[in-house]
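J.: Taking numbering that gives the first Met the number 0, I'd label the letters of the sequence shown as residues 0 to 290.
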Amino acid sequence: MKRLHLVLTFASLLAYVTACGGDEGVGTVRVSLSGEEASREGFPVGEIAFADGWSIQFDRVVVSLIDFRIESASGDSAAVEADPVVADLHLGEPLAWTFEGVPARRWDRISYRFGPPTEASRRVGSVDEATVAAMIAGGHALHVEGVATRGDERVPFVFALDLPVDATGCEAADGTEGLVVREASFDDAQITIHLDHLFFDTFATDDAAMRFDPMAAVAGAEGLVLDDLARQSTTDVRDADGEPLLVEGTPLVYDPGDLVLDTPTLRDFVRAAATTVGHFQGEGHCDYVRR
0 MKRLHLVLTF ASLLAYVTAC GGDEGVGTVR VSLSGEEASR EGFPVGEIAF
50 ADGWSIQFDR VVVSLIDFRI ESASGDSAAV EADPVVADLH LGEPLAWTFE
100 GVPARRWDRI SYRFGPPTEA SRRVGSVDEA TVAAMIAGGH ALHVEGVATR
150 GDERVPFVFA LDLPVDATGC EAADGTEGLV VREASFDDAQ ITIHLDHLFF
200 DTFATDDAAM RFDPMAAVAG AEGLVLDDLA RQSTTDVRDA DGEPLLVEGT
250 PLVYDPGDLV LDTPTLRDFV RAAATTVGHF QGEGHCDYVR R
């Protein structure tokens, strides 16, 4: 009888805890933003370097995100509310959102959306207000500003990009779709911006090289802005003297692969490349849906 009484008492206690535990069956998801070490230290970084010998130091890497969704392939949604945020990734890896009360389970459809900021966008950490104002006025979601150097050469640059793209179906580097939310735990997700994509010469293969010579060739006296790249062809790349730009004796050609270019110019190549900068959990990938 004592054994039966003990079992009943434990069962009653378990029922009480289940009924009264308001956080039972849910967890918390924290979403941070990162531009990797490159956004803070520039290029070269680690083994990632420009093939033509340039170095880059970034002054600002300001990104604006307007949505983040936690969903499943079956159509379920965690119904999280992600307010628009804007952050400078040159200054660190800020926490953008904390979502409490997310049902503990696997969520295999993670997505997020880039979009230009508004006055109401929440500033995450320190962000230059003049830059935010320029992004609002220009409808830009990514502002990358820095200086490229090689020997005595110095080219300040500003790339202001609109990024009309949703990153959907995000998965970790090992192919794991989405994320698992554990009960009564904190689970982390990271939106990772890969800045090297802006300087790639191909998206047709996995052996892309980073190049700045074609950009430097069309820089103005005050530096380089995105529209300057409209003067550089992707199929007939020229150096600053107007001569064909050669790589190991062969004319350089930019290959967009599956990316769609509005015009065969380096400006539109970079704009298309920018739609692929958003990753998940570091090296994880997403599908990119242009709006």
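Even glycine gets a Cβ: it sits at the ideal position worked out from N, Cα and C.
A quick note: this is a predicted structure, and the numbers were derived from the prediction, not measured.
1. Nearest to Asp-212 by CA position, among Ser-232, Asp-187, Gly-45 and Gly-137, is which residue?
2. With DSSP run on the structure shown, which of helix, strand or coil describes Arg-108?
3. Measuring only the C-alpha atoms, how far is Ala-95 from Pro-116?
4. How big is the Cα-Cα spacing for Ser-172 and Gly-281?
5. So if DSSP puts Gly-291 in a beta bridge, which residue, or which two residues, is it bridged to?
6. CB-CB under 6 Å to Gly-224, same chain, minus the five flanking residues each way: which ones, in chain order?
7. Name the residue from Phe-199, Val-126, Ala-72 and Ala-215 whose alpha carbon lies nearest to the alpha carbon of Ile-109.
8. According to DSSP, is His-89 helix, strand or coil?
9. Determine the DSSP secondary structure at Val-154, reduced to helix, strand or coil.
10. Quick check on Phe-198: does DSSP put it in helix, strand or coil?
11. Which same chain residues, not among the five before or five after Thr-97, have their C-beta less than 8 Å away from its C-beta?
12. Where does the unbroken alpha helix (DSSP H) through Ser-31 begin, and where does it stop?
13. Could you please give the first and the last residue of the uninterrupted alpha helix (DSSP H) stretch that includes Glu-80?
14. Going by the DSSP bridge assignment, what does Ser-54 pair with across the sheet?
15. By Cβ distance below 6 Å, which residues in the same chain neighbour Asp-261 in space, the five residues on each side in sequence not counted?
16. Buried or exposed: which applies to Ser-76, given that a residue is buried once 16 or more other Cβ atoms fall within 10 Å of its Cβ?
17. Just checking my contact of Thr-191 with Ser-33 at CB under 8 Å: how many whole Å lie between their CB atoms?
18. Do you know how far the Cα of Gly-100 is from the Cα of Glu-80?
19. Pick from Ser-38, Ala-132, Pro-43 and Gly-137: whose alpha carbon is nearest that of Arg-149?
20. Does the Cβ of Ser-38 have 16 or more other Cβ atoms within 10 Å, making it buried, or fewer, making it exposed?
21. Of the choices Gly-41, Ala-239 and Glu-118, whose alpha-carbon is the least far from that of Gly-91?
22. Assign Val-179 to buried or exposed, taking buried as 16 or more other Cβ atoms, counted over all protein chains shown, within 10 Å of its Cβ.
23. Note down the Cα distance separating Leu-245 from Asp-87, rounded to an integer number of angstroms.
24. What residue does the beta strand (DSSP E) around Thr-167 start on, and which one ends it?
25. Quick check: His-196 and Ala-132, are their CB atoms within less than 9 Å of each other?
T.: Taking the structure as given:
1. In the sequence shown, residue 212 corresponds to position 213, counting from 1. Measuring C-alpha to C-alpha distances from Asp-212 to each of Ser-232, Asp-187, Gly-45 and Gly-137 identifies Ser-232 as the nearest.
2. Start at 1 with the first residue of the sequence shown, and residue 108 comes out as number 109. Strand.
3. As a position in the sequence shown, residue 95 is number 96, starting the count at 1. As a position in the sequence shown, residue 116 is number 117, starting the count at 1. When only Cα atoms are considered, Ala-95 and Pro-116 end up about 14 Å apart.
4. For this step, residue 172 is matched to residue 173 along the sequence shown. For this step, residue 281 is matched to residue 282 along the sequence shown. Reading off the sequence, residue 172 comes out as Ala, not Ser. Going from the Cα of Ala-172 to the Cα of Gly-281 covers about 7 Å.
5. Because the chain here runs from 0 to 290, residue 291 falls outside it and cannot be looked at.
6. Within the sequence shown, the letter at position 225 stands for residue 224. Residue identity check: residue 224 is Val in the sequence provided, not Gly. Excluding sequence positions up to five before and after Val-224, its CB lies within less than 6 Å of the CB of Val-157, all in the same chain and listed in chain order.
7. For the purposes of this step, residue 109 is taken as the residue at position 110 of the sequence shown. Relative to the Cα of Ile-109, the nearest Cα in the group Phe-199, Val-126, Ala-72 and Ala-215 belongs to Ala-72.
8. For the purposes of this step, residue 89 is taken as residue 90 along the sequence shown, with counting starting at 1. Taken through DSSP and simplified to helix, strand or coil, His-89 comes out as helix.
9. Translated into positions along the sequence shown, residue 154 becomes position 155. The answer is strand: DSSP assigns Val-154 an E or B state.
10. In the sequence shown, counting from the first residue as 1, residue 198 sits at position 199. Here Phe-198 sits in helix by DSSP.
11. As a position in the sequence shown, residue 97 is number 98, starting the count at 1. So the qualifying residues of the chain are Thr-27, Val-28, Arg-29 and Val-30.
12. Here residue 31 refers to the residue found at position 32 when the sequence shown is read from its first residue. Careful: Ser-31 lies outside any alpha helix (DSSP H), inside the beta strand (DSSP E) at 25-33.
13. Position 81 of the sequence shown, counting from 1, holds the residue named residue 80. Boundaries cannot be given for Glu-80, as no alpha helix (DSSP H) includes it and DSSP labels it neither H nor E.
14. On the sequence shown, residue 54 is found 55 positions in, with the first residue counted as 1. The partner list for Ser-54 (beta bridge, DSSP) reads Thr-148.
15. Your numbering for residue 261 matches position 262 in the sequence shown. Asp-267, listed in sequence order.
16. Residue numbering aside, residue 76 sits at position 77 when the sequence shown is read from its first letter. Here Ser-76 is exposed: its Cβ has fewer than 16 other Cβ atoms, across all protein chains shown, within 10 Å.
17. Here residue 191 refers to the residue found at position 192 of the sequence shown. Here residue 33 refers to the residue found at position 34 of the sequence shown. The Cβ separation is near 5 Å, so the contact holds.
18. By one-based count along the sequence shown, residue 80 stands at place 81. By one-based count along the sequence shown, residue 100 stands at place 101. Glu-80 and Gly-100 have their alpha carbons spaced roughly 12 Å apart.
19. Here residue 149 refers to the residue found at position 150 of the sequence shown. Selection Ser-38, Ala-132, Pro-43 and Gly-137 evaluated against Arg-149 yields Pro-43 as nearest (Cα-Cα).
20. Position 39 of the sequence shown, counted from the start, is the residue given in the question as residue 38. So Ser-38 ends up on the buried side.
21. Stepping through the sequence shown from its first residue, residue 91 is reached at position 92. For the set Gly-41, Ala-239 and Glu-118, the Cα lying nearest the Cα of Gly-91 is the one of Gly-41.
22. Numbered from 1 along the sequence shown, position 180 holds the residue referred to as residue 179. Exposed, because fewer than 16 other Cβ atoms sit within 10 Å of the Cβ of Val-179.
23. The residue you call residue 245 lines up with position 246 of the sequence shown. The residue you call residue 87 lines up with position 88 of the sequence shown. Cα atoms of Leu-245 and Asp-87: separation of roughly 36 Å, rounded to the nearest angstrom.
24. Locating residue 167 in the sequence shown gives position 168, where the first residue counts as 1. Thr-167 -> beta strand (DSSP E) spans 164-167.
25. By one-based count along the sequence shown, residue 196 stands at place 197. By one-based count along the sequence shown, residue 132 stands at place 133. Judged by their CB atoms, His-196 and Ala-132 are not nearer to each other than the 9 Å cut-off.
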